[in-house]
Amino acid sequence: MRSHLLNDTTAESYRRSVTEGVERVARKLATTRGPFTGVTPAELAPAVDAVDLDRPLGDASAALDELEDVYLRDAVYFHHPRYLAHLNCPVVIPALLGEAVLSAVNSSLDTWDQSAGGTLIERKLIDWTTGRIGLGPLADGVFTSGGTQSNLQALLLAREETGTTDLTKLRIFSSECSHFSVQKSAQLLGLGRDAVVSVPVDRNKRMQSVVLAAELEACRAEGLIPMAIVVTAGTTDFGSIDPLPEIANLAAEYGAWMHVDAAYGCGLLASRTRRHLLDGIERADSVTVDYHKSFFQPVSSSAVLVRDGATLRHATYHADYLNPRRTLAEKIPNQVDKSLQTTRRFDALKLWMTLRVMGADGIGELFDEVCDLAREGFELLAADPRYDVVVEPQLSTLVYRYVPETATSPEDVDRANLHARKALFASGEAVVAGTKVDGRQYLKFTLLNPETTAADIAAVLDLIAGHAEQYLGENLVHA
123 MRSHLLNDTT
133 AESYRRSVTE
143 GVERVARKLA
153 TTRGPFTGVT
163 PAELAPAVDA
173 VDLDRPLGDA
183 SAALDELEDV
193 YLRDAVYFHH
203 PRYLAHLNCP
213 VVIPALLGEA
223 VLSAVNSSLD
233 TWDQSAGGTL
243 IERKLIDWTT
253 GRIGLGPLAD
263 GVFTSGGTQS
273 NLQALLLARE
283 ETGTTDLTKL
293 RIFSSECSHF
303 SVQKSAQLLG
313 LGRDAVVSVP
323 VDRNKRMQSV
333 VLAAELEACR
343 AEGLIPMAIV
353 VTAGTTDFGS
363 IDPLPEIANL
373 AAEYGAWMHV
383 DAAYGCGLLA
393 SRTRRHLLDG
403 IERADSVTVD
413 YHKSFFQPVS
423 SSAVLVRDGA
433 TLRHATYHAD
443 YLNPRRTLAE
453 KIPNQVDKSL
463 QTTRRFDALK
473 LWMTLRVMGA
483 DGIGELFDEV
493 CDLAREGFEL
503 LAADPRYDVV
513 VEPQLSTLVY
523 RYVPETATSP
533 EDVDRANLHA
543 RKALFASGEA
553 VVAGTKVDGR
563 QYLKFTLLNP
573 ETTAADIAAV
583 LDLIAGHAEQ
593 YLGENLVHA
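With this note's numbering applied, the sequence shown covers 123 to 601.
Below is the structure:
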């Protein structure tokens with residue numbers, strides 16, 4: 123069994139195995155004709171259930187053959203131009219090169235004596251990102267598993283910075299379109315979901331700063347503490363960006379921690395034409411960025427950034443076997459001092475390789491392309507009498523609803539849209555997302571693939587309309 127360990131004696135075996143795996147994936151990518159096969163859980167489960175994990179195949183080629191049947195054949199392929207659903211991006215090749223390197227070397231980014239140069243590379247990327255944001259000379263941060271963890275850590279710091287032990291007095295303010303992780307974080311931090319004050323949005327799905335001001339004043343009048351304001355720069359459903367400068371003023375006036383959830387909108391940091399949409403983010407106390415959304419990085423690649431690196435002490439614990447206090451005096455850089463995680467992958471290497479090969483402008487150009495595409499998609503939807511589109515996109519998301527020509531109950535239209543999404547997914551021809559707006563069922567394009575065209579969008583809209591019309595026609599016959 124030692125022959126399977128990666129070391130100096132097995133380097134050639136490692137090269138052959140990984141090369142075969144890469145070649146199989148490359149062939150799959152080259153021959154995939156749709157984003158999905160349409161397989162159902164009931165159809166795929168027997169193949170997975172039939173695998174006896176206690177009887178190894180003993181051969182990498184045989185394992186790859188099996189993997190074709192249980193995974194590769196039916197995987198959802200985000201690189202396909204008609205995958206239009208969630209915030210999953212196609213990935214850039216330099217990042218995949220970084221992924222291959224970091225997996226093999228297997229550095230753990232918790233302490234210097236487990237990572238060495240990896241620590242410095244991660245710190246350099248944190249400095250680069252805080253510089254792009256404009257957080258100032260004291261800024262710091264750490265890579266995380268994703269936006270949910272980043273938001274949790276930011277709100278932990280905000281809670282501790284209040285200095286209060288009476289958690290019942292703390293309130294978090296976020297828009298009604300903010301990410302669910304805000305409520306989840308409040309629960310995990312012992313505040314309860316009721317601690318989150320949901321602020322209404324305007325017609326463009328942006329937080330109403332006037333209403334926020336009134337809620338903050340009511341909070342103060344009731345003797346409560348405005349712990350944090352979560353400003354969303356790219357909501358999951360609409361890609362909307364809350365009014366950053368106005369909210370920054372309110373945060374300063376009421377002494378609230380300002381956290382910007384830019385998990386989606388962080389791609390604007392690399393844009394040469396749209397960076398102004400994030401004006402005001404430099405006034406944040408903390409920022410969430412998901413490079414695995416709009417920087418075209420493989421999952422996971424995320425970070426939480428803070429204006430004052432000293433606030434990261436609220437996540438610091440010292441263990442004699444890992445990061446004893448003496449290492450502070452010795453100025454040994456241990457990233458675990460800043461992180462909620464202990465063992466942590468060297469995910470920063472993927473972004474490092476991307477920047478060293480493509481540069482920030484290269485990333486920004488890709489993100490600008492999908493934002494431009496969203497504008498084209500909006501114009502298509504606005505001109506199509508079959509559809510109702512909710513808001514003009516600020517980023518690359520479109521929320522819309524099929525509306526039949528003849529009068530039909532809103533409930534039937536809801537069911538038709540839901541059916542169309544499911545039928546499209548089952549066909550494997552395209553994948554779109556769904557959400558609700560004012561209680562009604564809508565569909566959603568999240569455009570993150572520069573290879574997607576306006577023609578792809580138009581074709582998918584025709585497919586959706588066809589499925590919806592078929593459903594409504596069949597319902598009418600049955601009625």
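Even glycine gets a Cβ: it sits at the ideal position worked out from N, Cα and C.
- Rounded to the nearest whole angstrom, the CA to CA distance from Thr132 to Val173 is 27 Å.
- DSSP, reduced to helix, strand and coil, places His381 within a strand of the structure shown.
- Looking at Ala169, Ala182 and Lys150, the one whose alpha-carbon comes closest to that of Ser125 is Ala182.
- Among the bridge pairs identified by DSSP, Tyr524 is matched with Tyr509.
- Its Cα nearest to that of Thr575, the residue Glu498 stands out among Thr433, Leu279, Glu498 and Asn539.
- Between Asp359 and Val559, the CB-CB gap stays under 9 Å.
- Going by C-alpha positions, Val411 is about 46 Å away from Glu596.
- Selection Leu219, Asp578, Thr286 and Trp234 evaluated against Gly345 yields Thr286 as nearest (Cα-Cα).
- The count of Cβ pairs closer than 8 Å, one atom from the region 413–426 and one from the region 521–540, stays below three, leaving the stretches out of contact.
- The beta carbon of Ala548 lies closer than 7 Å to those of Gly160 in the same chain, with the five residues before and after it left out.
- The residues Trp234, in chain order, have a CB closer than 6 Å to that of Ile454 in the same chain once the five nearest residues on each side in sequence are set aside.
- Runs of the beta strand (DSSP E) lying entirely within the region 346–432 and spanning at least 3 residues, in chain order: 347–354, 379–384, 408–412 and 424–428.
- Inter-residue distance for Val318 and Glu404 is about 24 Å (C-alpha atoms, whole angstroms).
- Pro163 counts as exposed, since fewer than 16 other C-beta atoms from the protein chains shown sit within 10 angstroms of its C-beta.
- Boundaries around Gln271 are those of the alpha helix (DSSP H), Gly269 to Thr284, since no beta strand (DSSP E) includes it.
- With contacts defined as CB atoms closer than 9 Å, Met329 and Ile369 qualify as a contacting pair.
- Straight through space, the alpha carbons of Asp510 and Ala542 are spaced by roughly 15 Å.
- For Ser225, no beta strand (DSSP E) segment is defined; the enclosing uninterrupted segment is the alpha helix (DSSP H) at Ile215 to Val227.
- Residue nearest to Leu338 within the set Met480, Val321, Lys327 and Leu473 is Val321 (criterion: CA-CA distance).
- Annotation for Gly253: the continuous alpha helix (DSSP H) segment containing it runs Gly239 to Ile255.
- Nearest C-alpha to Glu190 among Leu166, Cys211 and Phe200: Leu166.
- Taken atom to atom, the span from the alpha-carbon of Arg537 to that of Thr528 is near 15 Å.
- Assignment of Ala148 by DSSP, reduced to helix, strand and coil, places it in the helix class.
- Residue state for Thr162 is assigned as coil, using DSSP reduced to three classes.
- Looking at Gln305, Ser518, Val147 and Glu514, the one whose alpha-carbon comes closest to that of Phe489 is Ser518.
- The C-alpha of Ala577 lies about 18 Å from the C-alpha of Tyr524.
- The three-state secondary structure of Tyr443, taken from DSSP, is coil.
- As summarised for the region 539–597, the continuous beta strand (DSSP E) elements at least 3 residues long and confined to that stretch are 553–559 and 562–568, given in chain order.
- In the DSSP assignment, Ser300 falls outside any alpha helix (DSSP H), carrying neither H nor E.
- In the structure shown, the three-state DSSP call for Thr287 is coil.
- In this structure, the beta-carbon distance from Asp401 to Pro367 falls below 9 Å.
- The straight-line gap separating the alpha-carbon atoms of Leu313 and Ile579 is approximately 43 Å.
- Boundaries cannot be given for Thr131, as no beta strand (DSSP E) includes it and DSSP labels it neither H nor E.
- Between the region 196–206 and the region 148–160 there are three or more inter-stretch CB-CB distances shorter than 8 Å, so the stretches are counted as touching.
- DSSP places Arg435 within a helical segment (H, G or I) once states are collapsed to three.
- When only Cα atoms are considered, Ala343 and Tyr376 end up about 12 Å apart.
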